[in-house]
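Using the numbering used here, you'd call the opening residue of the sequence shown number 108 and step up by one each time.
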Amino acid sequence: MIGLLKKSLVFYRVCTLALVIALFVLPGNKVSAVTCSSGWTKYGENCYRLYTTRRPWMDALKACQAVGSSLVDVGSDGEQTFVHNLARGNEFWISGSDSSTERQWLWYGSIQSWGYTKWNSGEPNDAGGEDCASLLSGGRWNDYPCSRDMAYICEQTTALDACDSTWSFRDGRCYKLFTSKVTWSNALKTCQANSANLVNIADSGENSFVRGIAAGNHIWMGGFDGPKEGSWAWSGGVFSFSYTNWNSGQPDNSGDEDCNMMYHDSGRWNDLSCSSSLAFVCEKYTPPINGGWSGFGSYGGCTKTCGSGTQTRSRSCNNPTPQWGGDQCPGSATQSIACNTHSCPINGNWGSWGSYGSCTVTCGGGTQQRSRSCNNPAPQYGGANCAGSSVSSQSCNTHNCPIDGQWTSWGSYGSCTVTCGGGSQSRSRSCTNPAPQYGGASCVGFTSSSQACNTHNCPIDGGWGSWGSYGSCTVTCGGGTQERSRTCTNPAPQYGGANCPGSSVSSQDCNTHHCPIDGAWSAWAAYGTCSVTCGGGTQSRPRTCTNPTPQYGGASCVGASSSSQDCNTQVCIIDGSWGAWAAWGSCSKSCGGGRKSRTRICDNPKPANGGKQCPGGSADFDDCNTAACPTVAAGTYQQLCPTGYFTCQSGGITCIQSTFQCDCSPDCDDGSDESATYGGCTAECRSGSGQTTASLTILMGTLVCSLIAYFITSI
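#1: On a CA-only basis, which of S220, G245 and C550 is nearest S823? Give me that one, please.
#2: Within 10 Å of its beta-carbon, does W214 have 16 or more other beta-carbons around it, so buried, or fewer, so exposed?
#3: Nearest to N153 by CA position, among I760, Y634 and S176, is which residue?
#4: By the 10 Å Cβ neighbour count, where 16 or more other Cβ atoms means buried, how is H620 classified, buried or exposed?
#5: Which whole runs of the beta strand (DSSP E) in the region 561-600 are 3 residues long or more, in chain order?
#6: Answer yes or no: do G626 and G585 have a C-beta to C-beta separation smaller than 9 Å?
#7: Quick one: using the 10 Å Cβ neighbour count with 16 as the cut-off for buried, is Y545 buried or exposed?
#8: In the structure shown, what three-state DSSP assignment does C298 receive?
#9: Does the beta-carbon distance from L178 to S145 come in below 9 Å?
#10: Residues in its own chain within less than 6 Å of S423 by CB, not counting five upstream and five downstream?
#11: Using 9 Å as the threshold, is the C-beta distance between L168 and N197 below it?
#12: Inspect the CB distances between the region 625-642 and the region 652-669 and report whether three or more fall short of 8 Å.
#13: In chain order, what residues of the same chain lie with their CB nearer than 7 Å to the CB of S671, ignoring the 5 residues before and after it?
#14: Could you check what DSSP says for C762 in three-state terms: helix, strand or coil?
#15: Does the Cβ of F553 have 16 or more other Cβ atoms within 10 Å, making it buried, or fewer, making it exposed?
#16: Applying the criterion that 16 or more other CB atoms from any shown protein chain within 10 Å of the CB defines a buried residue, is Q558 buried or exposed?
#17: Among D332, N314, Y223 and C171, whose alpha-carbon lies nearest the alpha-carbon of E364?
#18: Apart from the five residues just before and just after Y463, which ones in its own chain have a Cβ nearer than 6 Å to its Cβ?
#19: Note down the Cα distance separating E590 from S537, rounded to an integer number of angstroms.
#20: Ordered along the chain, which non-local residues of its own chain (more than five positions away) have a Cβ less than 7 Å from that of Y752?
#21: Check D729 in the structure and name its three-state DSSP category.
#22: Grouping DSSP H, G and I as helix and E and B as strand, with all else coil, what is F387?
#23: Can you tell which of P566, T412, S610 and V678 has the C-alpha that lies nearest to the C-alpha of P452?
#24: So, do the region 268-280 and the region 376-387 have three or more beta carbon pairs nearer to each other than 8 Å?
#25: Determine the direct distance from the alpha carbon of K283 to that of V57, and round the result to whole angstroms.
#26: Compare the beta carbon distance of W339 and W291 with 9 Å and say whether it is the shorter of the two.
#27: Have a look at D730, I681 and S704 and flag the residue whose alpha-carbon is nearest the alpha-carbon of D710.
#28: Can you look up D880 in the DSSP assignment and give me helix, strand or coil?
#29: In whole angstroms, give me the CA-to-CA distance for G723 and N716.
#30: Between the region 491-499 and the region 508-518, can you find at least three pairs of beta-carbon atoms closer than 8 Å?
#31: Quick one: using the 10 Å Cβ neighbour count with 16 as the cut-off for buried, is R280 buried or exposed?
#32: Excluding five sequence neighbours on each side, which residues of the same chain lie with their C-beta closer than 6 Å to the C-beta of R479?
#33: Compute the minimum distance between the beta carbon of R593 and the heavy atoms of the ligand SAM, and state whether it is under 8 Å.
#34: Where are the beta strand (DSSP E) runs, 3 residues long or more, that stay fully inside the region 432-496, in chain order?
#35: Three or more beta-carbon pairs under 8 Å between the region 290-306 and the region 412-421, yes or no?
#36: Quick check: the Cα distance between P541 and V525, rounded to an integer number of angstroms?
What follows is the structure, given as structure tokens:
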């Protein structure tokens, strides 16, 4: 258990604590302290809580992280006294441990040596692998095995820096790119100095967001597998990856690669030596800030001077303003109360006049009256009474009394109205005996009487009746005709009278205006080229409103003039292609037919997404130096010994140092090292003194033969 804990904490010792408390923003982007949640006790700027459930040290650490806190670390006498009193006599875990390096005690989440300790006498003693720190009931510290069950105190930070304008915000977290290239551990320290941690990637959305922030830089991330090869976990926690985006073939731990980075071009991950230098992205939690109301302002003026009005006051949601996804202020921003509730004075006003009563007489002139009431409204609360009288009168039935009319005697009949065909003649009387007056009744009966006369028929010429209405036009547009007719019935010809002259039908032009032509779409054109050959693109096709084009007020075509569809949605398959051939290597022989080779790499591009490997081989061979090697003549020098040595022609001695050649002292058994023909000596030695110059032809021939022999032996 102790060995496993040591391995799991080598890396996590340098992780930052999670940023966990809801904060209120002050001017300058600073955050003020807030009160602790229920069950927590405040000391300084932090909150603390004792948990009496007994757990191993690592389980206690995880339990604190689960509630947004960390195991307590103690940095002063004041904090020591506070947590000792909070423990109420319980021994409890604190976050100190030396599981990474024996006797190098560190607080969890820190890489700094302790500046304050409170060890019990003789402690820490590492008796039996004691690697975790606790605070005893007496107030001193002790080391215990980390597997021991014990109570624990969690600590929450309540005053942290919120994100300023140099950070990018996403889903409750802030991110910032640091472009200076540093090692992984220095990147982590810089993030911790900014109350943050090296970025941890939880899902593909966050991966894409961070890739965008990287802005062309390869960056460090918080992943590390130093404690146990292949067991990758994020800084800032003790849990393994829940999401990965490793590059193909990664992680491969090529050369002790224990730290995690992202490529800027693809967003893919790689493992890299922690001592490499890269840019990096820091990440920190930004708690949502719920809005809070300011105090209400003063009430405004009353809307009425009497009769119950209202006055209103308001407040603003800026104490604090909601940020980082925090809630808006609950309730209303305004508050109203009644004012000037006393009744207003009401002056009396007359109601409508009533109808006039009956007239005192039916004719010859009388009077009638009407009345009204002061109730529209009635005077109240000291208001004035109605002005004027409640009664008015008028004259009525002023007309004379009626006189009924009487007829005079009938007069004589007059002339007949026609000379033929039946006429009439009349006589009259008048209602003047007396005439009716003042509404008196008129005479009963008729003022005239008539009788038939000249009753024989007269000839009747035909006469046209009125033209009828024009009928419907033969077309609704574009020019047609319409007709109307009449009949010879006004009157019809009778008793020998003439027929009607002219035609019974007439016509006229109608609907001469152009017919409206509604536009209609042409057929769809073929779809155009896809915007991409693979990976998902679009292609569109057009049509035109020309079949026909709308004219003379006709309607335009309905619908869109283009449509599009997805295309080439398949994943792009990348077949491998060879890079350029490297230069030819050296020939295996200098003469007589050798071989040379060259190579190429399948990286232009590399095959991807199931693409084919490059066709053919990665190596190429060819013949070289095919010229035949020179034939060595008998007795000609051959260099068979290593460089720096002379090859004897025969005898038991095969090789001598080249410096002994032609020194007038034979070293080969056969003396060939002093020979002009074989050894190429340019002088003849006589009794050890005196030299005679040899032929230049012999010298040049010897040199040529030596060179040929050297090339032959080196092939």
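Quick reminder that beta carbons are idealized off the backbone N, C-alpha and C, glycines included.
With the structure as the only source:
#1: The structure shown has nothing for residue 823, since the chain only spans 108 to 822.
#2: As a working mapping, residue 214 is identified with position 107 in the sequence shown. With 16 or more other Cβ atoms within 10 Å, it is buried.
#3: Counting from one through the sequence shown, the residue named residue 153 turns up at place 46. Residue S176 is the option with its Cα nearest to N153.
#4: As a working note, residue 620 is residue 513 in the sequence shown. Label assigned to H620: exposed.
#5: 587-592
#6: By 1-based counting over the sequence shown, the position of residue 626 is 519. By 1-based counting over the sequence shown, the position of residue 585 is 478. No; because the gap between Cβ atoms is not below 9 Å, this pair is not in contact.
#7: Here residue 545 is taken as the residue at index 438 of the sequence shown, counted from 1. Counting Cβ neighbours within 10 Å, Y545 comes out exposed, since fewer than 16 surround it.
#8: Here residue 298 is taken as the residue at index 191 of the sequence shown, counted from 1. Looking at C298 - three-state DSSP - the assignment turns out to be helix.
#9: Numbered from its first residue, the sequence shown carries residue 178 at position 71. Numbered from its first residue, the sequence shown carries residue 145 at position 38. For L178 and S145, no; Cβs fall outside 9 Å.
#10: Working through the sequence shown from its first residue, we reach residue 423 at position 316. S401, listed in sequence order.
#11: The residue you call residue 168 lines up with position 61 of the sequence shown. The residue you call residue 197 lines up with position 90 of the sequence shown. No.
#12: yes
#13: As a working note, residue 671 is residue 564 in the sequence shown. Taken in chain order, the residues that qualify are T645, Q646 and S647.
#14: As a position in the sequence shown, residue 762 is number 655, starting the count at 1. Strand at C762.
#15: Within the sequence shown, numbered from 1, the residue matching residue 553 stands at position 446. With fewer than 16 other Cβ atoms within 10 Å, it is exposed.
#16: Walking along the sequence shown from the start, residue 558 turns up at place 451. Burial call: exposed.
#17: Indexing the sequence shown from 1 puts residue 364 at position 257. For E364, the nearest C-alpha among the options comes from D332.
#18: The residue given as residue 463 occupies position 356 in the sequence shown. Q475 and R477.
#19: By one-based count along the sequence shown, residue 590 stands at place 483. By one-based count along the sequence shown, residue 537 stands at place 430. About 54 Å.
#20: In the sequence shown, residue 752 corresponds to position 645, counting from 1. Counting only Cβ-Cβ distances below 7 Å, and skipping sequence neighbours, we find C762, I763, Q764 and S765.
#21: Along the sequence shown, one-based indexing puts residue 729 at 622. In the structure shown, D729 sits in a strand (DSSP, three-state: E or B).
#22: Start at 1 with the first residue of the sequence shown, and residue 387 comes out as number 280. Here F387 sits in strand by DSSP.
#23: Within the sequence shown, numbered from 1, the residue matching residue 452 stands at position 345. That would be T412, whose Cα lies nearest to the Cα of P452.
#24: no
#25: With the chain covering 108 to 822 only, the question about residue 57 has no answer from this structure.
#26: Against the sequence shown, residue 339 aligns to sequence position 232. Against the sequence shown, residue 291 aligns to sequence position 184. Going by C-beta atoms, W339 is not nearer than 9 Å to W291.
#27: Position 603 of the sequence shown holds residue 710. The candidate whose alpha carbon is nearest that of D710 is I681.
#28: Since the first and last residues shown for the chain are 108 and 822, residue 880 lies out of range.
#29: As a first step, residue 723 must be located in the sequence shown, where it is residue number 616. As a first step, residue 716 must be located in the sequence shown, where it is residue number 609. Cα-Cα distance, rounded: 20 Å.
#30: no
#31: To locate residue 280, count along the sequence shown from 1; it is residue 173. Per the 10 Å Cβ criterion, buried.
#32: Taking the sequence shown and counting its residues from 1, the one referred to as residue 479 is at position 372. W457, G458, W460 and S497.
#33: Looking for the ligand SAM in the displayed structure turns up nothing, as the structure carries no ligands at all.
#34: 441-446 and 473-478
#35: no
#36: The sequence position of residue 541 within the sequence shown is 434, counting from 1. The sequence position of residue 525 within the sequence shown is 418, counting from 1. Roughly 35 Å separates the two Cα atoms.
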